[in-house]
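Notes to accompany the following structure.
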Amino acid sequence: MNSKSLFTILMSPLLLLFLVHCKLGDNAIKGSVRSVAPSGGSQPGAVSGVSLTVLSDQSIQLDWSASGDVTPGFVIAYMAGSTPPASCNEGTLISSSEISSTTHQVDSLTEEQSYSFRICALDEYDQPIEATSQTATSTTFAYCHGSRLTNSPYANSGEAGIDGSDEENAFRICSPSQFNEISAQSSDWTKYFILKSDLNYQGLPAYANISIGTGPGVSSFSGTFDGQFHVIRNILLYFAGFSESGLFGVVDSGGVVKNLGLVNMNLFSWGPVRTGAIVGAIYSGTVENVYVLGHIDVGSSRVGGLVGQVGVGGTLKNSFAVTSQDMACCTSTLGGAVGYNEGTLLNTYAVSHVTALNNSPYIGGLVGYNDTTGVIENSFAIATVDGSTTGNNVGSFSGVNTGTITNSFY
């Protein structure tokens with residue numbers, strides 16, 4: 001190696017830095033690095049004046065002010081609840097590349113949910129400046145608000161992509177009038193529906209001689225109705241000479257009705273066959289997680305607090321009825337939950353008080369008549385029967401049973 005090469009190595013910046021920070025006898029290299037704002041330059045930015053504007057059930061707009069050098073941009077951290085993220089490195093983060101100014105819209109939120117936000121300016125190293133961050137909290141709207149309460153036929157009619165084809169694109173219901181429209185839109189009886197709020201029929205006309213699905217097969221309800229555990233209150237169901245009647249008339253061909261309650265319901269049924277508060281008849285379909293609290297006044301056949309008849313291939317499960325029932329002339333086959341069963345009942349119970357008139361046969365606390373193909377499992381009934389009946393076809397659980405009952409009691 002010549003002297004010029006050695007000089008070049010000895011004078012290299014890396015070696016000089018090493019020599020400055022080390023002295024003979026050291027067995028470690030020590031030092032520190034800190035950032036210093038350029039002389040006369042702007043100080044790192046600060047956030048202030050955060051305001052939130054709720055735009056919809058899924059969107060909130062954030063606006064804020066900033067001072068100092070905010071050229072590097074901002075970062076937003078947020079989480080559900082009323083407690084903001086402890087820092088701008090926690091929760092769900094929105095990076096500076098997504099924020100073009102001192103305003104930003106956050107989408108894809110959950111309806112009726114509180115969200116808390118923390119906004120930080122970034123320093124020259126793209127690190128959040130926590131000391132000058134600001135927080136704010138707000139709550140998204142309920143789904144059912146504004147025009148969705150008055151839209152027709154359904155709450156989200158006309159919104160992009162909504163065709164009722166599946167859960168994501170389901171027709172949504174926010175008002176009694178929109179629910180009533182389902183019975184009028186028979187071409188939609190194969191579609192997916194979601195109830196987005198409780199409904200109150202107080203002071204409204206009776207749900208009279210109309211049903212969703214009016215017969216087996218093509219005229220049945222074969223779609224899905226998910227009540228999302230909402231409640232329909234104070235509804236008057238009235239059926240005269242209208243067979244297979246209820247809130248839903250016939251559920252068939254794989255149809256599903258689930259997660260729905262009727263409270264302070266009154267059902268008057270005269271003449272029709274197969275009447276239930278929730279469904280008149282289930283054939284090849286499923287009703288689950290439903291309940292009824294109310295009164296039934298009947299003069300017809302195959303009447304149940306929940307379902308009039310569960311046919312072969314039909315299933316009722318995880319459901320209950322608490323009702324008082326008055327039976328007039330010509331009534332037969334009445335049950336606290338189901339009038340006539342040829343299908344499957346699972347985890348179903350009824351609490352009922354029946355007043356029977358004019359020799360009404362086939363009365364059961366849970367089921368009026370459980371036929372040979374009928375299966376009942378894990379169910380119970382608490383029932384009292386007053387008045388006149390014929391024969392021995394009255395039971396605290398089943399009026400007549402020729403099917404299978406297991407792990408059930410009364």
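Start counting the sequence shown at 1; every next residue gets the next number (the numbering used here). Where is the CB? At the ideal position from N, CA and C, for every residue including glycine.
Report task. Use the C-beta contact count for F409: other C-beta atoms within 10 angstroms, 16 or more gives buried, fewer gives exposed. Result -> exposed
Query raised in the report: Hey, L347 and K317 are a contact pair by Cβ (cut 8 Å); roughly how many whole angstroms apart?
Result: As written in the sequence, residue 347 is Asn, which differs from the Leu given in the question. About 6 Å; that satisfies the 8 Å criterion.
Requested in this report: Throw me the rounded Cβ distance for the I60 and I76 pair, which I believe falls under 8 Å.
Outcome: With a Cβ gap of about 11 Å, I60 and I76 do not count as contacting.
Requested in this report: Give every residue of the same chain whose Cβ lies closer than 6 Å to the Cβ of V290, excluding the five residues on either side of it in the sequence, and list them in chain order.
Outcome: L260, I278 and S319
**Report entry** Which of helix, strand or coil DSSP assigns to L24
**Finding:** Confidence at L24 is low in this model, with a pLDDT of 36, below 50, so the placement of that residue is unreliable and no value is reported for it.
**Report entry** E181: first and last residue of the uninterrupted alpha helix (DSSP H) it sits in
**Finding:** P176 to A184
Query raised in the report: Taking the alpha-carbon positions, what's the I182 to I212 distance?
Result: 6 Å
Query - Sequence-distant residues of its chain with Cβ nearer than 7 Å to V385 (five each side left out) - result: V354, A356, I363 and V394
Requested in this report: In the DSSP assignment, find the beta strand (DSSP E) that holds W270 and state where it starts and stops.
Outcome: G255 to G276
**Report entry** Where L55 falls: helix, strand or coil (DSSP)
**Finding:** coil
Query - For W189 and F221, believed in contact at Cβ under 8 Å, the rounded distance - result: 5 Å
**Report entry** Residue of D166, E98, Q325 and I119 minimising C-alpha distance to N89
**Finding:** I119
Query - Identified DSSP bridge partners for E377 - result: L346 and T406
**Report entry** Status (buried if at least 16 other CB within 10 Å, exposed otherwise) for Q178
**Finding:** buried
Query raised in the report: What residues are listed by DSSP as bridge partners for N318?
Result: BP columns for N318 are empty, so no partner.
Query raised in the report: Secondary structure at S116, three-state DSSP: helix, strand or coil?
Result: strand
Query raised in the report: Per DSSP, what kind of secondary structure is D188 in: helix, strand or coil?
Result: helix
Query raised in the report: Got a sec: does the ligand COA put a non-hydrogen atom nearer than 8 Å to the Cβ of S379?
Result: This structure lacks the ligand COA; in fact it carries no ligand of any kind.
Query raised in the report: Considering only the beta carbon of each residue, do P72 and D107 sit closer than 9 Å?
Result: no
Query raised in the report: Taking DSSP as the reference, what is the three-state secondary structure of L93?
Result: strand
Query - Secondary structure, beta strand (DSSP E): runs of 3+ residues fully inside the segment 118–154 - result: 134–139
Query - Backbone secondary structure at E288 - three-state DSSP - result: strand
Requested in this report: Please determine, among G223, M265, L237 and V263, the residue with the shortest C-alpha to C-alpha distance to V287.
Outcome: G223
Requested in this report: Please report the residue range of the beta strand (DSSP E) in which N341 lies.
Outcome: V338 to N341
Report task. On a CA-only basis, which of T92, Y78 and L195 is nearest C174? Give me that one, please. Result -> L195
Requested in this report: Measure the beta-carbon distance from S133 to V47 and round it to whole angstroms, keeping in mind my assumption that it falls under 8 Å.
Outcome: 6 Å
Report task. Take D226 as the anchor and find which of W270, G203 and V256 has the nearest alpha-carbon. Result -> V256
Requested in this report: Enumerate in chain order the residues of its own chain whose CB-to-CB distance from Y143 is below 6 Å, with the five nearest sequence positions on each side excluded.
Outcome: D57, E111 and K196
Query - Cβ shell of T406 (< 6 Å), same chain only, five flanking positions each side left out - result: E377
Report task. Would you mind working out which of I162, V375 and L122 sits nearest F193, comparing C-alpha positions? Result -> I162
Report task. Tell whether a beta-carbon distance below 9 Å holds between Q285 and T333. Result -> Reading off the sequence, residue 285 comes out as Gly, not Gln. Going by C-beta atoms, G285 is not nearer than 9 Å to T333.
Query raised in the report: Nearest-angstrom Cα distance between L109 and G81?
Result: 12 Å
Query - T323 versus W270: straight-line alpha-carbon distance, rounded - result: 18 Å
Query - Contacts around A66, its chain only, beta-carbon distance under 8 Å, and the 5 residues preceding and following it disregarded - result: G45, A46, V47, S48, F74, T102 and A121
Query raised in the report: According to the neighbour-count rule (16 or more other Cβ atoms, all chains shown, within 10 Å of its Cβ), is V351 buried or exposed?
Result: buried
Query raised in the report: Which residue's Cα is closest to the Cα of M327: T315, M265, V298 and F380?
Result: V298
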